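Scroll down for the structure; my scribbles are underneath it.
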Amino acid sequence: MMTWSDILTDVQMRLGAPPELEPLARAIAYFIGAFMLVNGALVLALILIWVTRKVVSRIQDRIGPNRIGPYGLFQTVADVLKLLSKEDIRPDNADQIAYVLAPILSVFPVLMTLAVITFAPGFVGVDLNIGVLYLVALGSIGIMAALMAGWSSNNKYALLAGFRVVAQLLAYEIPMVLAMLAPVMLAGTMRTQEIARAQALYLGPINLGLGWFVFLLPGAFIIYFISALAEAEQTPFDLLEAESELIAGFHIEYSGMKFAMFFLAQFLNAFFLGAIAVMLFLGSWQGPFADQIPLLGPFYFLVKTFLVYGAIQWVRGTFPRLRIDQMMSFAWKVLVPLVLSLILAQMIIMKLPIPTWIGYLLILVANIGVVALMLRLMTRYLKQESVGTKRSFTPKSLIGTMAPVNQVGD
Amino acid sequence: MLSQYGFILILSGIAMIIPVAAITIGHLLGPRRPDPIKNATYESGVETIGDTWVQFRAQYYLIALIFLIFDVEVIFLYPIAIAYQNLSLFSVMAAVTFVLILLLGLFLEWRKGALEWK
Amino acid sequence: MVPLNWYLILSAFIFSCGLYAALGRRNAIAVLMGIELMLNASNINLVAFWRNGVAPMENVDGQVFALFVIAVAAAEVAVGLALVISIYRNRRTVNLDELDILKG
Amino acid sequence: MPELPALPSILELVFLAVALLTAVGALVVVLSPNLFHSALGLAATFFGVAAVYITAEAEFVGVSQVLVYVGAISTLIAFAIMLTRGMMYGTTSQRNRQSGTAAMIAALMFVVLTALMNAIPWPKAGEPITDGEAIIARLGSMFVNEYVVPFVLLALLLLVALAGAIVLARDRK
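Note that the protein sequences, when read in sequence, are chains A, B, C and D. Sequential numbering of the first sequence, starting at 1, is according to this note's numbering. Sequential numbering of the second sequence, starting at 1, is according to this note's numbering. Sequential numbering of the third sequence, starting at 1, is according to this note's numbering. Sequential numbering of the fourth sequence, starting at 1, is according to this note's numbering.
As structure tokens, this is what we get:
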């Protein structure tokens, strides 16, 4: 299997590089690849911010950016220029080193995610043996960044928000990691490339490319999706930096480009968590005829990722925020027990002496059972909550009454 | 195999340089007119009283604690998942016991009320 | 390959730092950090000896030990810090030389 | 992928850089008067140690190190520092009465150990590793075969530690 780095190295060797410089050629190939990946991600972020603002505006019956460029396309560029020209304020009693380091460390892990994302067969940064855990481990750096930002600003609100963010990230990381264990166990590998390959579906010699794990593990997928929303600090889990209510939580003291770094990290993180969902559950580049026409692979991958990202924005545009106690108990009392029982069921089913397809069927049944249980728990909880919020009056229409208010005692 | 990590190394270099460059450019391009009010702690215009000392509740510690224990158990489950195809029934029972003890721990915390966010 | 004694010297350095923190700092949390450093140093040794041992593909015991050490260190730090917090609640200090309640 | 002939020297350079990061982090932990700086230094050390594992081709131990130490233990320590603050910006010394002796013991220890490590003729470096994934699978099967008793005992230990720590740290009414 030729990977992109092999091809690039090969090209350099053909161009007449001496054989003893082969490691250097490989390093140059790696550098080109890494450079393209990172810059691609930055351009993607520009588009992504515009798409997000447009989509959420439409959902909420607004227009969104429409002044700069056609359809407001260059709004983000203008924003970046504005942020560049802003004063770089450093609070007097901030801890200078940690204060500067925190925004850098929040972008760093997000960009590092690119290393194991599978765009097409052979086109993955590197196919690490620990791919899936590598993705999880990068999240730990993000946690440290939030902690450093909160603490070094020397502001009690930043500190409190930083701690709450960390508590949220910690609480939802466990269900996320355990949900990621389900496809890893099915594929028997942590290499993202191999997981993608395991999601092929052969009908005779033809690869239909529809053996996506989501068809087998819908429960694990939904749990992953919910936890990913919380990890990306997206609505309904964004109560710590609710743009419309609070002043941005732990990065309250940041201005200019440092603030932009947190912003960039958050957007790209949401997108990459969607990409991870695609890699683990939605078949990565797999799809009909992806084997025959190589260009379809990256196309499928990007389309799926944008769809998942769109779903995240859809949720963001429609759902109200949770309270912090609801959020915490949802992670520990609903998601973790459910995903643990799911893993337990999968472990036992995979060792039962039955044909594979019956095993798959049983896993599917277990997953659907988990989803049903989760929905049941949630509806029960919502009913229980809605008792306390009875309306004091019944509005005549949704918009409100146009009739003049009765003047009392005049 | 180690040459794979060469890519990680190069990528981490670039991923470090990008935010550093952005912040440096922002620092150079932006105006610099510090004054004591601007550089004071931002609390919506209200003057800061006392230092950053806030009373934290042990709840945060408990969340991190539960996370730590679960994290440790997760790192033991992943290699088992990799080796799963070749494990005997006895080994699988050991792994199942491991997960069951994990669940037991969770229910213990639940009963003790460590999961309530008050 | 990196020579074995480079790993060992690094590990000796970290161990010495940890030893100093464990013996010379007043704050209980700093002492716990020192203990963590020492455990990490021992782990470096385990991994380095595994790598330089016979048939590292087969005999992965060094890595198994390292993982067990990580797990036990996690349990240790959890209980240790909980003790520190509990002491702080009762005595309003975490400086170890002020905790002389058992002095006769 | 072909084994690169020039890799050893590059690997050694990388190791030296990583070791420097680790050592500086460890020094910050020990010498910084501010406890939170110590915690950050500790996180840097943990990260450096994970990179050291990777130079030794123990990928899984490296990633576990990042997950458990950087992700969980550093955070736990930071939370504990916040819960027991009050001395953080205080003027009291961070060192106790025996710190001079402790420094001497630690320095002596380092010198003796280093001399010892250099004196012993270690056997030449080990065999190359061809399949990293097989090692992870081997780890997994060893947990539930050769090391099954410690494995289950470990689960019990973690359970007991969890229960005990929660009883100790919980807010009392």
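We put the beta carbon where it would ideally sit given N, CA and C, even for glycine. Values in this document were obtained by computation on a predicted structure and should not be read as measured data.
Quick one: list the residues of chain A neighbouring residue i, beta-carbon separation under 8 Å, in chain order.
i                      : result
residue 89 of chain B  : 351
residue 140 of chain D : Chain A residues near residue 140 of chain D: none, gap ~10 Å exceeds 8 Å.
residue 67 of chain D  : 133, 136, 137 and 140
Check the Cβ of residue i against every Cβ in chain B and list those closer than 9 Å, keeping chain order.
i                     : result
residue 85 of chain C : 58 and 61
residue 25 of chain D : Here the premise fails: no neighbours, minimum Cβ distance about 17 Å.
residue 74 of chain C : 68, 69, 71 and 72
residue 71 of chain D : 67, 68 and 71
Taking all protein chains shown into account, decide if residue i is buried (16 or more other Cβ within 10 angstroms of its Cβ) or exposed.
i                      : result
residue 20 of chain A  : exposed
residue 127 of chain D : exposed
residue 257 of chain A : buried
residue 225 of chain A : buried
residue 90 of chain A  : buried
residue 314 of chain A : exposed
residue 23 of chain B  : buried
residue 107 of chain B : exposed
residue 91 of chain D  : Reliability fails at residue 91 of chain D, whose pLDDT of 49 lies under 50, so the model's placement of it is uncertain and no value is given.
residue 59 of chain A  : exposed
residue 151 of chain A : buried
residue 75 of chain A  : buried
residue 129 of chain A : buried
residue 9 of chain D   : exposed
residue 4 of chain C   : buried
residue 121 of chain A : buried
List the residues of chain A that residue i touches, going by C-beta distances under 7 Å, in chain order.
i                     : result
residue 32 of chain B : 87
Report the residue from the options whose alpha carbon sits nearest the alpha carbon of residue i.
i                      : options                       : result
residue 72 of chain D  : A:136, A:34, A:35 and A:73    : A:136
residue 32 of chain B  : A:87, A:145, A:41 and A:27    : A:87
residue 16 of chain B  : A:223, A:23 and A:141         : A:141
residue 191 of chain A : A:126, A:52, A:89 and A:333   : A:126
residue 343 of chain A : B:102, B:66 and B:60          : B:102
residue 54 of chain D  : C:48, C:11 and C:54           : C:48
residue 270 of chain A : A:27, A:6, A:33 and A:45      : A:45
residue 34 of chain A  : B:23, B:4 and B:74            : B:4
residue 309 of chain A : A:9, A:278, A:295 and A:69    : A:278
residue 378 of chain A : A:362, A:334 and A:206        : A:334
residue 58 of chain D  : D:82, D:133, D:43 and D:81    : D:133
residue 281 of chain A : A:159, A:217, A:350 and A:152 : A:217
residue 148 of chain D : B:115, B:82, B:76 and B:63    : B:76
residue 164 of chain D : B:66, B:14 and B:12           : B:66
residue 238 of chain A : A:305, A:164 and A:50         : A:164
residue 50 of chain A  : A:71, A:62 and A:182          : A:71
residue 62 of chain C  : C:72, C:50, C:71 and C:68     : C:50
residue 41 of chain A  : A:272, A:354 and A:173        : A:272
residue 41 of chain C  : D:26, D:97 and D:35           : D:26
What are the start and end residues of the beta strand (DSSP E) that includes residue i?
i                      : result
residue 119 of chain A : 118-120
Find the residues of chain B that neighbour residue i, judging by a C-beta separation of less than 8 Å, and give them in chain order.
i                      : result
residue 252 of chain A : 42
residue 46 of chain C  : Neighbours of residue 46 of chain C on chain B: none; closest Cβ ~16 Å, over 8 Å.
residue 78 of chain C  : 65, 68 and 69
residue 91 of chain A  : 39, 40, 41 and 42
residue 258 of chain A : 23 and 26
residue 152 of chain D : 94, 97, 98 and 101
Under 8 Å between beta-carbons, which chain C residues line up against residue i? List them in chain order, please.
i                      : result
residue 117 of chain D : 5, 8, 9 and 12
Using a C-beta to C-beta distance shorter than 7 Å, which residues of chain D count as neighbours of residue i?
i                      : result
residue 67 of chain C  : 61 and 64
residue 129 of chain A : 59, 132, 133 and 136
By the DSSP assignment, the alpha helix (DSSP H) with residue i in it spans what residues?
i                      : result
residue 64 of chain A  : Segment: none, residue 64 of chain A is in no alpha helix (DSSP H) and carries neither H nor E.
residue 217 of chain A : Neither: residue 217 of chain A is in no alpha helix (DSSP H) and is coded neither H nor E.
residue 69 of chain D  : Looking at the DSSP string, residue 69 of chain D is not in any alpha helix (DSSP H), and its letter there is neither H nor E.
residue 91 of chain C  : 61-91
residue 117 of chain B : Segment: none, residue 117 of chain B is in no alpha helix (DSSP H) and carries neither H nor E.
residue 150 of chain D : 148-169
Show which residues of chain A have a CB atom less than 9 Å away from the CB atom of residue i.
i                     : result
residue 74 of chain D : 140, 143, 144 and 147
Could you name the residues of chain B that residue i contacts, counting a contact when the two beta carbons are closer than 7 Å?
i                      : result
residue 143 of chain D : 76, 79 and 80
residue 71 of chain C  : 72
In chain D, which residues lie with their C-beta within 9 Å of the C-beta of residue i?
i                      : result
residue 166 of chain A : 75, 78 and 79
(request) Could you name the residues of the stretch 35-55 of chain D whose beta carbon sits closer than 8 Å to any beta carbon of chain C, in the order they occur along the chain? (result) Result list: 35, 38, 39, 42, 45, 46, 49, 52, 53 and 55.
(request) Name, going along the chain, the residues of the stretch 13-40 of chain C whose beta-carbon falls closer than 9 Å to a beta-carbon of chain G. (result) Among the chains of the structure shown, chain G does not appear; the protein chains present are A, B, C and D.
(request) Would you list, in chain order, the members of the stretch 190-206 of chain A that have their beta-carbon closer than 9 Å to a beta-carbon of chain D? (result) Result list: 190, 191 and 194.
(request) Note down, in chain order, all residues in the stretch 1-15 of chain B with a beta-carbon under 9 Å from any beta-carbon belonging to chain A. (result) 1, 3, 4, 5, 6, 7, 8, 9, 10, 11, 12, 13, 14 and 15
(request) Please name the residues in the stretch 318-332 of chain A whose beta-carbon is closer than 7 Å to at least one beta-carbon of chain B, in chain order. (result) 324, 325, 328, 329 and 332
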